[in-house]
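Single-structure report; data block below.
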Amino acid sequence: MAAYGRSQHRQQFREFAKEEYIQEVHERNLAPRKRLTSCMLRSKVTAPSVQSFLGSLGIGLGEELQMVDKEANEVAAYRREYDTVRSNNMKKEHEVKKLQESLQEVTSLLSSRKVDGMTIQSKAMNLENRSAVQAGKKQSTHKEKELQSLDNDLAAGNATLHAARCAAEALQKKLAKGLSDTRDENARALDDLHLAIDTTRKKHELHEQRENSRRKIAQNVTGEQSAREMKRLRQESQTQAVQFTQIQNELMTTDAKLLTLEADLRRLSEAAGTNDIDKIIAKYLSREETLRNLKEEHAITDAKMRKLRDNYKQLQELLATLRGATMNTRGIYQEMDDTAEKLKDIEKNASALQERCNRANVLQKLGRILDVINREKAEHELHRSEAMNASSHGGGMAGGGDDKRNSSLAQPSPSETEEHFILRVSTADNSQGNIRVRPKSQPKGSKVAKILRHSSQRDSIVIPKDKGRDEDDVAATVAAVATEDDPIIDRSMRKKLVGLVLNRGKRVKKGTTNNDKV
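Using UniProt numbering, the letters of the sequence shown correspond one by one to residues 1 to 518.
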């Protein structure tokens, strides 16, 4: 819009300069002709001296007059052209002035817009700084949460690694102990087995000897047995009984050992995770390889722990920098708080000024309503005075003088407005009937002060503060107060006043018709 106005202004200025140049060229060309024609017009061409002079020059008078007329016509045409050019220049000068005024208005508007843009830009920068601080806070809290989660993961990894290491060491010790116990038990079982085999073999041999001896005794024809053999047999039987009890006790101990060995083997299989003895032995033999694998896993987890510690240090440094940045933004927060307090003060002042403005508008509306009330009272008193004058029949010149005076008062002057005419008619008569219409001692604003004082004393009138309230309530309230002060206005007059307040155009038309009737 501003660029279009500047281009239009430049074009008009170029046209104006072009016309000025054309006018200057015309004036230069017409200067000698004007001097010649002026000299010729000053002198009398009909003089004989001039005729003789022209005759001596060989120029006829008729031709010279034609030339003079022609020059005069040209001068008149140039004068008319000059007048048109001058009028056009005056118009263009007015247009230039208007354009300059519009340019000043546009520049002032542009400066105000620039100031508004600077304020908006400062607000936007403040908002951007605030959003950046909020984003930094969010990022710092997010990084702290991530750091805390990484710490938790690190602690959990260390705990699991330590638990796995302890479990592996305990399993290794348990497996080694179980293997040694198993070997010992197997050796003891083998020894017990060999001992049992030997005892059974001895028992079998003893039984065979007894059978052989019995056969020998049976083969003995005599059937006599000596006391020595009987004693020997008894001793052998006793020794056999003692050996049998010993063998039975040994078998019971071996059974108990086998039960304990089976329990140990069961526990070993549960610890190894398999019942196969070969697999258990293979695991025991590959314990060094498993230890090596555990060491490799420990190295991997240790590298992960170092990496997590490096990340932890980096996050700690980032957190320190972010905290330093937040410490630097305290001045910005202070400025923002100061500007917020200033804005609050400005809003308070604006609200107070708005309230004052609303009160002033209400007082202005009350003044208008009181003017309407006074007009209506003046009209009412005017009609009443006319009725009284028509009903009263006076005699002589006094009556005629009163009629003339009333007719002069009843006719408004052409330069007099409706309000002045009503006030003049209402205040001209000093009779008892017109004393209540508009007292001379009472000023125009005293009615408003009286209404406000009446509202403060009785608390019956509420002054609206909002601009959006209807004017009907104000008009009805003021009309009610006016009816309390003056009993002339009735309900119909009150409705009429409300209608006049709501429709000012109709009121003006009605006032003009009343003036015409009067």
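Virtual Cβ for every residue (Gly too), placed ideally from N, Cα, C.
Using a Cβ distance threshold of 8 Å, Thr199 and Ile247 count as a contacting pair. Residue state for Ser351 is assigned as helix, using DSSP reduced to three classes. Around the C-beta of Ala340, fewer than 16 other C-beta atoms lie within 10 Å, and the residue is accordingly described as exposed. Judged by pairs of C-beta atoms under 8 Å, the segment 144-155 touches the segment 299-319, as three or more such pairs exist. Ser149 carries a helical assignment under DSSP once its states are collapsed to helix, strand and coil.
The shortest CA-to-CA distance from Leu233 to any of His207, Thr84, Met252 and Glu347 is the one to His207. The alpha-carbon of Val106 is positioned some 16 Å away from that of Glu95.
Note on geometry: alpha-carbon atoms of Thr239 and Ala263 lie some 36 Å from one another.
Exposed is the label assigned to Leu190, since fewer than 16 other Cβ atoms lie within 10 Å of its Cβ. Annotation: Asp276 is outside any alpha helix (DSSP H) and is labelled neither H nor E by DSSP.
Here Thr260 is not near Asp192, since their CB atoms are 8 Å or more apart. Ala272 is positioned such that its CB atom lies closer than 8 Å to that of Lys283. In this structure, Ile280 sits near Leu268, with a CB-CB distance shorter than 8 Å. Around the Cβ of Leu382, a 10 Å sphere holds 16 or more other Cβ atoms; the residue is buried. Straight across, the Cα-Cα distance linking Leu103 with Asn89 is about 20 Å.
With contacts defined by Cβ atoms closer than 8 Å, Met305 and Asn126 do not form a contacting pair.
Non-local beta-carbon contacts of Asn73 in its own chain, meaning distances under 7 Å to residues more than five positions away in sequence, are absent. The straight-line gap separating the alpha-carbon atoms of Gln209 and Thr245 is approximately 20 Å.
Ala196 is the residue among Asp278, Ala196 and Asn212 whose C-alpha sits nearest the C-alpha of Glu250.
In the displayed model, Ser286 falls within coil according to three-state DSSP, outside both helix and strand.
The beta carbon of Leu161 is closer than 7 Å to those of His298 and Thr301 in its chain, skipping five residues each way along the sequence.
The C-beta separation of Ala168 from Leu294 comes to about 5 Å, placing the pair in contact by the 8 Å criterion. Nearest C-alpha to Leu308 among Gln243, Asn152, Ser213 and Arg228: Asn152.
If you draw a straight line from the Cα of Ala132 to the Cα of Leu343, it comes to about 23 Å. Sorting Arg214, Val242 and Leu154 by C-alpha distance to the C-alpha of Glu229 places Arg214 at the top. By the 16-neighbour rule on beta-carbons within 10 angstroms, Ile369 is buried. In this structure, the CA atom of Ala164 is about 22 Å from the CA atom of Ser149. In chain order, Ala271 place their CB closer than 7 Å to the CB of Leu171, counting only its own chain and leaving out the 5 sequence neighbours on each side.
Burial of Ala378 is indicated by the presence of at least 16 other C-beta atoms within 10 angstroms of its C-beta. Gly117 counts as exposed, since fewer than 16 other beta carbons sit within 10 angstroms of its beta carbon.
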